[in-house]
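See below for the structure under consideration.
Laid out in structure tokens, this is it:
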């Protein structure tokens, strides 16, 4: 990359044609939560769960909003939910991500719809 200092580039940044990718903070996701045997959580999680979402090479904290009528999510569940990130990330529909907690992966998902 010519004309850019090493300090001008950070982990997680996306190189693309100007205007071709938009940063977003809110999206609908479909995800699978790993079981204890798969190395995931031992216990369920509830609304307002705040894990790290790992996209490409960057991770950012997000808040999970569960669908109406869902109180908790058990390890091994597949579900749809909404996420609001604390910082905007370059993303598009179909982008895959990992859900991480305390340095270990506890789930995997895909962005199904951008909301904001």
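In the working numbering, the protein residues as written are 1163 to 1278. For each residue, glycine too, the CB sits at the ideal point set by N, CA and C. Predicted, not measured: the structure shown is a model, and the values here were computed from it.
Where residue 1221 is concerned, the enclosing beta strand (DSSP E) starts and stops at 1220–1227.
Here residue 1244 is not near residue 1196, since their CB atoms are 8 angstroms or more apart. Judged by beta-carbon spacing, residue 1250 lies within the 8 angstroms limit of residue 1186, meaning their Cβ atoms are closer than that value. In this structure residue 1257 is not in contact with residue 1268, their Cβ atoms being roughly 19 angstroms apart against a cut-off of 8 angstroms. Within the stretch 1181–1247, the beta strand (DSSP E) runs of at least 3 residues that lie entirely inside it are, in chain order, 1185–1195, 1214–1217 and 1220–1227. Boundaries of the beta strand (DSSP E) around residue 1275: 1266–1276.
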